[in-house]
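Enquirer: Take a look at the following structure, please.
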Amino acid sequence: MEKILQVKDLHVSFSTYGGEVKAVRGVSFDLHKGETLAIVGESGCGKSVTSQSIMKLIPNPPGKITGGEILFKNQDLIKLKEPAMRKIRGANISMIFQDPMTALNPTLTIGDQIMEGIKQHEHLSNDQAKRVALEMLNLVGIPNPEIRLKQYPHQFSGGMRQRIVIAMALVCRPDVLIADEPTTALDVTIQAQILDLFRDIQKKTGVSIILITHDLGVVAQVADRIAVMYAGRIVEIGSRREIFYNPQHPYTQGLLQSVPRLDMEKAELIPIPGTPPDLFLPPVGCAFAARCPYAMEVCERVYPFQTQLTNQHAVDCWLQDERAKQLVSKI
Amino acid sequence: MNTYYMKRLVSMIITLWLIITGTFFLMHSVPGSPFNEERRTNEAVQKNLEAYYNLDKPLLVQYGNYLKQLVQGDLGPSIKKSSQTVNDMLGRGFPVSFELGFYTLLVAIISGIALGVIASLRHNGFIDYLAMSIAVIGISIPNFVMATLLIQQLAVNFPIFPVATWQSPKHMVLPILALATGPMAIIARLTRSSMLEVLTQDYIKTAKAKGLSPVKIVFKHALRNALLPVVTVLGSLAASILTGTFVIEKIFAIPGMGKYFVDSINNRDYPVIMGTTIFYSAILIFMLLLVDFAYGILDPRIKLNKREAK
Chain H
799 MEKILQVKDL HVSFSTYGGE VKAVRGVSFD LHKGETLAIV GESGCGKSVT SQSIMKLIPN
859 PPGKITGGEI LFKNQDLIKL KEPAMRKIRG ANISMIFQDP MTALNPTLTI GDQIMEGIKQ
919 HEHLSNDQAK RVALEMLNLV GIPNPEIRLK QYPHQFSGGM RQRIVIAMAL VCRPDVLIAD
979 EPTTALDVTI QAQILDLFRD IQKKTGVSII LITHDLGVVA QVADRIAVMY AGRIVEIGSR
1039 REIFYNPQHP YTQGLLQSVP RLDMEKAELI PIPGTPPDLF LPPVGCAFAA RCPYAMEVCE
1099 RVYPFQTQLT NQHAVDCWLQ DERAKQLVSK I
Chain A
6 MNTYYMKRLV SMIITLWLII TGTFFLMHSV PGSPFNEERR TNEAVQKNLE AYYNLDKPLL
66 VQYGNYLKQL VQGDLGPSIK KSSQTVNDML GRGFPVSFEL GFYTLLVAII SGIALGVIAS
126 LRHNGFIDYL AMSIAVIGIS IPNFVMATLL IQQLAVNFPI FPVATWQSPK HMVLPILALA
186 TGPMAIIARL TRSSMLEVLT QDYIKTAKAK GLSPVKIVFK HALRNALLPV VTVLGSLAAS
246 ILTGTFVIEK IFAIPGMGKY FVDSINNRDY PVIMGTTIFY SAILIFMLLL VDFAYGILDP
306 RIKLNKREAK
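Chains as they are written, first to last, in my numbering: chain H, 799 to 1129; chain A, 6 to 315.
Below, the structure written as structure tokens:
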């Protein structure tokens, strides 16, 4: 499959009064054409920062991309100057934010907000732009688009607004769509509709989606591949099947155990004890070691190499080491 | 749609009537009369004068007469300057005050908003601090100090502009500058804080993610949302500037309305007090109406005339 986007060893940090917070510490992944890659992890693990770095929307200062490469169609976005980056934003890579209630400008009509994206990137007449906008509203399932185009955001419900935000993001037919918690602010039935919409759109347009979420339920519904992030690093990445049925990293296992499921034997959830590490002073070794039930001495001293389990499934954990396997099997 | 305007009109008239009534009785409850002066006048002459201006009648009768006269659009004669009517005085003074006020507002609004926007875009940078220092100076220096300072520097030391009077555009520069600094500073500070808030909103992030240029983001997406609080203060600011500011008009010898305000109260010139107060109130009420319209234009969520708001 064609790789549309490659992130290589991305480092992002924020300077604060307390010092430098290393929010993303070496994230690498590939995004293939037409797939949905989900990035999951708890709050503060760096998943949103990663996605905003791809768009180069990290507020600078205080944020700064301190290393790595983001290759989009063989050009490194990190090296790109702001005006050139602006041509890519919205046109080739676009983004959807969490809360549809605040993501739309309350003083402009929906039509205006959808059309300004196309007008920015493609030289279209007003009529042509309007036709594209109508087409988009149809695509995302908004009835009476002609009338709706002239209305303001406050005249729409939350689910409708998220559809409009999606229409806005897709209007230039981007290659990559980054959705940062697109369903978190919606109630469950609307969530399901929006997720259906994502799948539908992907089928019709072939867009690659990066889905940022902490909701494993959402991931199970739409993701082709899943990257699990912890403390600024991807600790495990694999196909949906591999992550859900054969999780290899103790953190992934912990995450899955802490989610309620209908087929659970006991009605009890198993939480992961402890809290994520402070990213002012990230641990030298594996960041999860302090909370890990299988932690060994080596875990705290040296960060584990990535072990490639199948051609898609990879994990950063010392348990994959031959010596550790023998150790665990003895116990 | 029409019901809203009707309601609005009725409430404006009631407001004005309350102001008229309040002012009328307050004014008469203050001891003294237009004819009480240090220089004693003849008892009989004073009686005659009071009778001539109907000041010897019971207060309620006077009130009734005044209202009757007012409904016909007549604000009455000035007691102190017996050759003039209040209508004449306002008719002569207001255009001048309005001209001064209009340009002052224009300068204050444009420079204030520009300063505020620039400061917010360079938040916590050198330009921000510079702009806000200017704003603090503008707020804290009273306009009469500013006026004398401007006259000293730009009219006396470096005779670029004339010292006083109201004739050509060149004459207007100093009074407008002196009068505009205060409102400009207020507008600049408000614009800045409001812009800073708007710039952190999600829809600004969305606009950036669309690849819009910074200019478009600021003017199309941010500024319009940031202007609501600014418009709120503009109503009362505009009313007070347009109806003349006594001190500035005095310093620059501008024949505006401001001096009638102060003179009339010192002189107990009842019809002039009433006339200027009513006029000022009417302008203020009108400005507040304009502000409400401006809200509706700036923010579609605020609908003035639709019943759907219920």
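Each residue gets a CB set at the ideal place from its N, CA and C atoms; glycine is no exception.
Give a yes or no on whether the C-beta atoms belonging to V963 (chain H) and A931 (chain H) are separated by under 8 Å.
Expert: As a working note, residue 963 (chain H) is residue 165 in the first sequence. As a working note, residue 931 (chain H) is residue 133 in the first sequence. Cβ distance not < 8 Å, so V963 (chain H) and A931 (chain H) don't count as in contact.
Enquirer: Can you look up P951 (chain H) in the DSSP assignment and give me helix, strand or coil?
Expert: Against the first sequence, residue 951 (chain H) aligns to sequence position 153. P951 (chain H) falls in the helix class under three-state DSSP.
Enquirer: By DSSP, does K1128 (chain H) sit in helix, in strand, or in coil?
Expert: Here residue 1128 (chain H) is taken as the residue at index 330 of the first sequence, counted from 1. Residue confidence is low: K1128 (chain H) scores 49 on pLDDT, short of 50, so the model does not pin down where it sits. Its coordinate-derived value is still stated next. Of the three classes helix, strand and coil, the one that applies to K1128 (chain H) here is helix, per DSSP.
Enquirer: State the DSSP-derived secondary structure class of R312 (chain A), mapped to helix, strand or coil.
Expert: One-based indexing of the second sequence puts residue 312 (chain A) at position 307. The predicted model places R312 (chain A) with a pLDDT of 47, which falls under 50 and marks its position as unreliable, so this point remains unresolved.
Enquirer: How is the beta strand (DSSP E) around E1034 (chain H) delimited, first residue to last?
Expert: For the purposes of this step, residue 1034 (chain H) is identified with residue 236 of the first sequence, where counting begins at 1. Taken as a continuous stretch (DSSP letters only), the beta strand (DSSP E) holding E1034 (chain H) covers 1031-1037.
Enquirer: Would you kindly work out how many angstroms separate the C-alpha atoms of L878 (chain H) and D807 (chain H), rounded to a whole number?
Expert: Counting from 1 along the first sequence, the entry for residue 878 (chain H) is found at position 80. Counting from 1 along the first sequence, the entry for residue 807 (chain H) is found at position 9. Rounded to whole angstroms, L878 (chain H) to D807 (chain H) spans 17 Å at the Cα level.
Enquirer: Measure how close the beta-carbons of V1008 (chain H) and L835 (chain H) come, nearest whole angstrom, since I'm counting them as under 8 Å.
Expert: Position 210 of the first sequence, counted from the first residue, corresponds to residue 1008 (chain H). Position 37 of the first sequence, counted from the first residue, corresponds to residue 835 (chain H). Per the sequence shown, residue 1008 (chain H) should be read as Ile rather than Val. Confirmed, Cβ separation roughly 5 Å.
Enquirer: Applying a beta-carbon distance threshold of less than 8 Å, which residues of chain A neighbour N903 (chain H)?
Expert: Counting from one through the first sequence, the residue named residue 903 (chain H) turns up at place 105. Under the 8 Å cutoff, chain A gives Y208, T211, A212, H226, N230.
Enquirer: Which chain H residues are close to L319 (chain A), counting only those with a beta carbon under 9 Å from its beta carbon?
Expert: What the structure shows of chain A is the stretch from 6 to 315, and residue 319 (chain A) is not part of that stretch, so it cannot be assessed.
Enquirer: Is there a Cβ from chain H that is less than 8 Å from the Cβ of L217 (chain A)?
Expert: Translated into positions along the second sequence, residue 217 (chain A) becomes position 212. Output row for L217 (chain A): interface = yes.
Enquirer: Where does A258 (chain A) land, buried or exposed, given buried means 16+ other C-beta within 10 angstroms?
Expert: Along the second sequence, read from residue 1 onward, the residue named residue 258 (chain A) stands at position 253. Exposed: under 16 other Cβ atoms inside 10 Å.
Enquirer: Under a Cβ-count criterion, where at least 16 other Cβ atoms within 10 Å of its own Cβ denotes burial, should A1025 (chain H) be classed as buried or exposed?
Expert: The sequence position of residue 1025 (chain H) within the first sequence is 227, counting from 1. Classification of A1025 (chain H): buried, given that the 10 Å Cβ count is 16 or more.
Enquirer: Could you check whether the Cβ of L1060 (chain H) sits closer than 8 Å to any Cβ belonging to chain A?
Expert: For the purposes of this step, residue 1060 (chain H) is taken as residue 262 along the first sequence, with counting starting at 1. Taking Cβ atoms only, chain A never reaches closer than 8 Å to L1060 (chain H), which makes this a no.
Enquirer: Between T907 (chain H) and K948 (chain H), how many whole angstroms is the CB-CB distance? I'm expecting something under 8 Å.
Expert: Residue 907 (chain H) sits at position 109 when you count from the first residue of the first sequence. Residue 948 (chain H) sits at position 150 when you count from the first residue of the first sequence. Contact holds; Cβ gap of about 6 Å.
Enquirer: Let me see if you follow: with CB-CB separation under 8 Å, is L968 (chain H) close to chain A or not?
Expert: Position 170 of the first sequence holds residue 968 (chain H). By this cut-off, L968 (chain H) is not an interface position.
Enquirer: Rounded to a whole number of angstroms, what is the C-alpha to C-alpha distance between V1113 (chain H) and S923 (chain H)?
Expert: If you number the first sequence from 1, residue 1113 (chain H) lands on position 315. If you number the first sequence from 1, residue 923 (chain H) lands on position 125. Distance between the alpha carbons of V1113 (chain H) and S923 (chain H) is about 50 Å.
Enquirer: Do G187 (chain A) and K885 (chain H) have their CB atoms nearer than 8 Å?
Expert: Position 182 of the second sequence, counting from 1, holds the residue named residue 187 (chain A). Position 87 of the first sequence, counting from 1, holds the residue named residue 885 (chain H). It is not a contact, given that the beta carbons lie outside the stated cut-off.
Enquirer: I'd like to know if K885 (chain H) contacts chain A, where contact means its C-beta is closer than 8 Å to some C-beta of that chain.
Expert: Sequence index remark: in the first sequence, residue 885 (chain H) carries index 87 (1-based). Interface residue, yes.
Enquirer: So, does the CB of R823 (chain H) fall closer than 8 Å to a CB anywhere in chain A?
Expert: As a first step, residue 823 (chain H) must be located in the first sequence, where it is residue number 25. Not closer than 8 Å to any Cβ of chain A, the Cβ of R823 (chain H) fails to qualify, so no.
Enquirer: For Y208 (chain A) versus G98 (chain A), is the C-beta spacing smaller than 8 Å?
Expert: Along the second sequence, read from residue 1 onward, the residue named residue 208 (chain A) stands at position 203. Along the second sequence, read from residue 1 onward, the residue named residue 98 (chain A) stands at position 93. No, these two residues do not count as a Cβ contact at 8 Å.
Enquirer: For A244 (chain A), count the other beta carbons within 10 Å of its own beta carbon; 16 or more makes it buried, fewer makes it exposed. Which is it?
Expert: Here residue 244 (chain A) refers to the residue found at position 239 when the second sequence is read from its first residue. The residue is buried, with at least 16 neighbouring Cβ atoms inside 10 Å.
Enquirer: I'd like the list of long-range same chain contacts for S125 (chain A), defined as Cβ closer than 6 Å, with 5 residues on each side in sequence excluded.
Expert: As a position in the second sequence, residue 125 (chain A) is number 120, starting the count at 1. For S125 (chain A), where only same-chain residues beyond five positions count, the Cβ hits under 6 Å are R197, M200, L201.
Enquirer: Using DSSP bridges, identify the partner residues of L935 (chain H).
Expert: In the first sequence, counting from the first residue as 1, residue 935 (chain H) sits at position 137. Per DSSP, none; premise fails for L935 (chain H).
Enquirer: Could you spell out the range, first to last residue, of the beta strand (DSSP E) harbouring Y1028 (chain H)?
Expert: On the first sequence, position 230 is the one that residue 1028 (chain H) refers to. Here the beta strand (DSSP E) through Y1028 (chain H) covers 1023-1028.
Enquirer: DSSP state of D973 (chain H), grouped into three classes?
Expert: For the purposes of this step, residue 973 (chain H) is taken as residue 175 along the first sequence, with counting starting at 1. Note: D973 (chain H) maps to coil in three-state DSSP.
Enquirer: Helix, strand or coil, according to DSSP, for M262 (chain A) in the structure here?
Expert: The sequence position of residue 262 (chain A) within the second sequence is 257, counting from 1. Residue state, collapsed to three classes: coil.
Enquirer: Do you know how far the Cα of N903 (chain H) is from the Cα of I912 (chain H)?
Expert: Counted from its first residue, the first sequence places residue 912 (chain H) at position 114. Counted from its first residue, the first sequence places residue 903 (chain H) at position 105. About 11 Å.
Enquirer: Hey, how far is the Cα of Q926 (chain H) from the Cα of G939 (chain H)?
Expert: By 1-based counting over the first sequence, the position of residue 926 (chain H) is 128. By 1-based counting over the first sequence, the position of residue 939 (chain H) is 141. If you take the alpha carbons of Q926 (chain H) and G939 (chain H), they lie about 20 Å apart.
Enquirer: Mark T1073 (chain H) as exposed unless 16 or more other C-beta atoms lie within 10 angstroms of its C-beta, in which case mark it buried.
Expert: Walking along the first sequence from the start, residue 1073 (chain H) turns up at place 275. By the neighbour-count rule (16 or more Cβ atoms within 10 Å), T1073 (chain H) is not buried but exposed.
Enquirer: May I have a chain-ordered list of the alpha helix (DSSP H) segments no shorter than 4 residues that lie completely inside the segment 1036-1060 of chain H?
Expert: With a minimum length of 4 residues, the continuous alpha helix (DSSP H) runs that stay inside the segment 1036-1060 of chain H are 1038-1043, 1048-1055.
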